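Enquirer: Could you have a look at this structure, given as structure tokens, before my questions?
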Amino acid sequence: MTNIQREEFKEILLKRKEQLQDSFANHVNEMDALKHQKMSDEIDYANASMQNLVGNSISLHHKKEYDDIEIALMKIEEGEYGICEMCGEEIRIDRLKVKPHAKYCIICREFIEKEGRK
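Just so we're aligned: the sequence shown equals residues 0 to 117 in numbering that gives the first Met the number 0.
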């Protein structure tokens, strides 16, 4: 990977990190709004509960992605970005374009998923 590519991925990661931070802030604001919303019946309460559940699920997914982005940014600074954590080979650029915070190459990711299903 060239230094230019590494910098491009850094910019992509920083932009996504900012988007996730905005998403976290929006989720907090939505939860605050739900707390102050007047619930007139069970349907209102059920809708609010469902919104809360979905919002929390999305936030957990975003938190994992945020943490992975932080790790990827650290690896860029340390010169270890784009290296598979399992086999030590370079992760292909086309994979990083799809998932810039990828920890594993395609072969190792498929192996992990296959083993997880057993």
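Quick reminder that beta carbons are idealized off the backbone N, C-alpha and C, glycines included.
As the structure is a computational prediction, the values presented were derived from the model and not from experiment.
1) Quick one: give me the first and last residue of the alpha helix (DSSP H) that R108 is part of.
2) If you compare alpha carbons, which of A71, V27 and I111 is closest to L12?
3) Please identify the residue among H26, A101 and E109 whose C-alpha is closest to the C-alpha of D67.
4) How many whole angstroms separate the CB atoms of I124 and M0, which I take to be in contact at a CB cut-off of 8 Å?
5) Looking only at DSSP bridge pairs, what is I82 linked to?
6) Going by C-alpha distance, which of Q18, E84 and S22 is nearest S56?
7) Starting from the C-beta of E17, find all residues in its chain whose C-beta is less than 6 Å away, skip the five residues before and the five after it, and write them out in chain order.
8) In whole angstroms, what separates the C-alpha of L59 from that of E69?
Expert: By the coordinates alone:
1) I105 to R116
2) A71
3) A101
4) Since the first residue of the chain shown is 0 and the last is 117, residue 124 is not available in this structure.
5) E89
6) S22
7) none
8) 15 Å
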